[in-house]
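K.L.:
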Amino acid sequence: MIESGSRADRRERHGAAPIPGAGTALRPDPPMRGILLAGGTGSRLWPVTKAISKQLVPVFDKPMVFYPLSTLISIGIREILLITTPDDRDAFVRLLGDGSQWGLRLEYAVQPRPEGIAQAFLIGEEFLGGRSAALILGDNLFHGTDLGRWSRPGAEVVGGHIFAWPVPNPSAYGVVEFDAAGRVLSIEEKPSRPRSRYAVPGLYFYDNTVVEVARGLRPSARGELEITAVNDHYLRERRLGVTVLDRGSVWLDTGTVADMARAGEYVRVVEERQGCKIGCVEEAAWRAGLISDAELRELARPLLSSGYGEYLLGLLG
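Taking full-length UniProt numbering, the leading residue of the sequence shown gets 1, the next gets one more, and so forth.
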């Protein structure tokens, strides 16, 4: 139910205008489910991640996993499968629970070995249940991102849809090439000679054929089921769309220690200067109408000693 105007006014005063449909559960029709991939060994961050999942390491004032989780909430995803390693599963459960405190349904699955991003669809086949899917990588941070029609209720995906972001070192990423009309021409995984300067960030949308697409993949030379191969399948069928993230957007990949430090500094500066938090799951759920004022207040109480709780209470005016 949409609550009183005063609550909506408070939401608008404390940041951007409310997400369209705030106060109701934004459920794409048919419901799109989300997969948050938080697996891998994090070897590029060793020794930091020797005993803890990379996605549990703090990025300034909150665990890294809060950032992609908030992104999924902001685009209307309410049912999410978190895939991680057998060793890290219990730690994520302790941190996130079943998601009900935020109005979500969170489930968990394990990826015994890092055998490719596309393996997430095979692991999550039962969870998806024939629905379309939003896949986000657990070490990707999006801020100020206009995801266009994906942030509106009733959004549907036909085929696959990816995003593009210009980077100075495209060889380190999956790279997408497209023409002046925005039609995808090619997509390559870490090419030695990139055909464009546009990397593909770790957020992808697919229709309900994606499980079958993933099932038909063969492991790459490095023994993985590549997400680029999924995208290439849709491209060959002329069913792959791309959106270039606008200039007001920020995408940060926290794959290295230096990347993580830069991300933490970015979050600190923005939060201190603007007075608004990035990747605050509680706020995202409240703005989406998934939790009430009273529930937000209850979530804030145990967090008062850190200052995080004071921020949440401040949202209520």
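C-beta: ideal position from N, C-alpha, C; glycine also.
#1: Which word fits residue 164, buried or exposed, when buried means at least 16 other C-beta atoms lie within 10 angstroms of its C-beta?
#2: Between residue 112 and residue 86, what straight-line distance do the alpha-carbon atoms span, to the nearest angstrom?
#3: What residue ranges within the region 195-222 form continuous alpha helix (DSSP H) runs of no fewer than 4 residues, ordered along the chain?
#4: Since residue 142 sits in a beta bridge, which residues does DSSP pair it with?
#5: Do the CB positions of residue 159 and residue 245 come within less than 9 Å of each other?
#6: Considering only the alpha carbon of each residue, which of 93, 210, 115, 137 lies closest to residue 126?
#7: Compare the Cα-Cα distances from residue 40 to each of 174, 114, 55 and report the closest residue.
#8: When you compare the CB positions of residue 65 and residue 82, do they come within less than 9 Å of one another, or not?
#9: For a test of the three-state rule: what should DSSP assign to residue 108, helix, strand or coil?
#10: Out of 157, 181, 140, 183, which has the shortest C-alpha to C-alpha gap to residue 202?
#11: Would you list the residues sitting across from residue 163 in a DSSP beta bridge?
#12: Could you check which residue in 103, 279, 37 has the C-alpha nearest to that of residue 122?
#13: Inspect the beta-carbon positions of residue 250 and residue 138 and report whether they are closer than 9 Å.
#14: Which one of 242, 171, 134, 84 has the shortest CA to CA distance from residue 52?
#15: Closest to residue 300 by CA distance: which of 291, 313, 292, 204 is it?
P.N.:
Answer, in terms of the structure:
#1: Classified as buried, residue 164 has 16 or more neighbouring CB atoms from the shown chains inside 10 Å of its CB.
#2: Each residue's alpha carbon lies about 6 Å from the other.
#3: Listed in chain order, the complete alpha helix (DSSP H) runs (minimum 4 residues) inside the region 195-222 are 210-215.
#4: According to DSSP, which records beta bridges pairwise, residue 142 is partnered with 251.
#5: Taking C-beta atoms as the reference points, residue 159 and residue 245 fail to come closer than 9 Å.
#6: Of the candidates 93, 210, 115, 137, the one whose C-alpha sits nearest the C-alpha of residue 126 is 210.
#7: It is 114 whose Cα lies nearest to the Cα of residue 40.
#8: Yes, the Cβ-Cβ distance between residue 65 and residue 82 is below 9 Å.
#9: Assigned with DSSP and collapsed to three states, residue 108 falls in strand.
#10: The residue with the shortest Cα to Cα distance from residue 202 is 140.
#11: When DSSP reads this structure, residue 163 sits in a beta bridge with 243.
#12: When the alpha-carbon of residue 122 is set against those of 103, 279, 37, the nearest one is in 37.
#13: No, they are not a contact pair.
#14: Put simply, of 242, 171, 134, 84 the residue whose alpha carbon is nearest the alpha carbon of residue 52 is 84.
#15: Closest by C-alpha distance to residue 300, out of 291, 313, 292, 204, is 313.
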